[in-house]
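One structure is given below, encoded as structure tokens.
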Amino acid sequence: MGATKGTSVASAMSRSLFRYELKRKVLPTFTLNGIRRLRWILTHRLSVFVGRTIPGVGWILLANDVYKITYHTLVKYNRIVMPEDRVF
13 MGATKGTSVA SAMSRSLFRY ELKRKVLPTF TLNGIRRLRW ILTHRLSVFV GRTIPGVGWI
73 LLANDVYKIT YHTLVKYNRI VMPEDRVF
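Numbering (our numbering) for the sequence shown: 13 to 100.
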């Protein structure tokens, strides 16, 4: 309730779990206000910070995993095949 359309499950759950608020707005968060508009705002609520940060960290970890899997697959493939069949 009160969340914008497309709010992540992590954000919704963190709002119910973390109720701590700081006195000043010091926690940086990023919101996607439309497809091309990434907005940077400060918040004083820990739940908002955690809820908006967790999905971003997840995307970074996913991209890292895809890179590592691709890199190691190419290296192993290039070790197995003949020199004229190697990639890169």
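From the three backbone atoms N, C-alpha and C, an ideal C-beta is built for every residue, glycine too.
No experiment lies behind these values; they were computed from the predicted model shown.
### Query
If you check the beta carbons only, do Thr-55 and Lys-37 fall under 9 Å apart?
yes
### Query
Looking at the unbroken alpha helix (DSSP H) that takes in Leu-86, where does it start and where does it end?
58-92
#### Entry: Reduced DSSP secondary structure (H/G/I, E/B, other) of Leu-34
coil
### Message
Pop quiz: Leu-86 and Val-99 are said to be a contact at Cβ under 8 Å. What is the actual Cβ separation, rounded to whole angstroms?
### Response
6 Å
#### Entry: Euclidean distance between Cα positions of Ile-92 and Val-78
21 Å
### Message
Buried or exposed for Thr-82, going by 16 or more other Cβ atoms inside 10 Å?
### Response
exposed
### Message
For Thr-41, list the residues DSSP reports as bridge partners.
### Response
Ile-53
### Distance between Met-94 and Pro-67 (C-alpha atoms, nearest Å)
42 Å
### Query
Between which two residues does the alpha helix (DSSP H) carrying Arg-27 extend?
21-29
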